[in-house]
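Novice: Please read through the structure below; I'll follow up with questions.
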Amino acid sequence: SRQAAGATGGVAFTTQPQVTLQDAGGNTVVNSPTSVTITASANEGTLGGTLTAIVASTGVATFESLKINEAAIGYVLTFTSGSMTVAGDAFNVTTGPVASLSVKTHVAAAIAGSPFGQQPVILARDAGGNLVSGANVS
């Protein structure tokens, strides 16, 4: 089995999780094309991507394009196949690079040569919609 890693808001994990189907003795079960579904713990974010994988002939199910939009700590992925369930290790989703900009506060009326009475405020967000603090935008 392989844990998810490289999680930034709204972007597919750089390392997608895998789960190995095993019998009661801990032996890998091969040639058993069963499906495995994945869910995420109830943090603020939403798990997206391909949420069901088929166990390959090798006994391993590999998930693809999984991502979580909300940056937070302590997400846990849970894998379920029939009556069997296993949880992965907790991991964090960090804020990603700037993907979009929006105007929060527009400039109010201005007089030529004078500072704006109300300065503009620009919000920088990552692909998951998380605010990116300290971003240099020009």
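Following our numbering, the numbering of the sequence shown begins with 43 at its first residue and continues without gaps.
Cβ atoms here follow ideal geometry from the backbone N, Cα and C, with glycine treated the same way.
What does DSSP give as the partner residues of residue 156 in its beta bridges?
Specialist: On the sequence shown, residue 156 is found 114 positions in, with the first residue counted as 1. Its beta-bridge partners do not exist; DSSP assigns none.
Novice: Looking at the secondary structure, which residues open and close the beta strand (DSSP E) in which residue 116 lies?
Specialist: Position 74 of the sequence shown, counted from the first residue, corresponds to residue 116. Run containing residue 116: 114-117, per the beta strand (DSSP E) assignment.
Novice: In or out: residue 67 buried (at least 16 other Cβ within 10 Å) or exposed?
Specialist: The residue labelled residue 67 in the question sits at position 25 within the sequence shown. Exposed, since its Cβ has fewer than 16 Cβ neighbours within 10 Å.
Novice: Using only alpha-carbon positions, find the residue among 98, 84, 132, 50 that is nearest to residue 71.
Specialist: Here residue 71 refers to the residue found at position 29 of the sequence shown. The option with the nearest alpha carbon to residue 71 is 98.
Novice: Can residue 85 and residue 112 be called in contact, C-beta distance under 8 Å?
Specialist: The residue you call residue 85 lines up with position 43 of the sequence shown. The residue you call residue 112 lines up with position 70 of the sequence shown. Cβ distance < 8 Å, so residue 85 and residue 112 count as in contact.
Novice: According to DSSP, simplified to helix, strand and coil, what is residue 77?
Specialist: Here residue 77 corresponds to residue number 35 of the sequence shown, with the count starting at 1. Strand at residue 77.
Novice: Please classify residue 145 as buried or exposed, where buried requires at least 16 other C-beta atoms within 10 Å of its C-beta.
Specialist: Mapped onto the sequence shown, residue 145 falls at position 103. Exposed is the call here.
Novice: Which partner residues of residue 142 appear in the DSSP bridge assignment?
Specialist: Stepping through the sequence shown from its first residue, residue 142 is reached at position 100. Note: residue 142 sits in a beta bridge opposite 167.
Novice: Hey, quick one: how far does the beta strand (DSSP E) through residue 64 stretch, first residue to last?
Specialist: For the purposes of this step, residue 64 is taken as residue 22 along the sequence shown, with counting starting at 1. No beta strand (DSSP E) holds residue 64; DSSP gives it neither H nor E.
Novice: Which residues bound the beta strand (DSSP E) around residue 27?
Specialist: Nothing can be reported for residue 27, as the shown portion of the chain is limited to 43 through 180.
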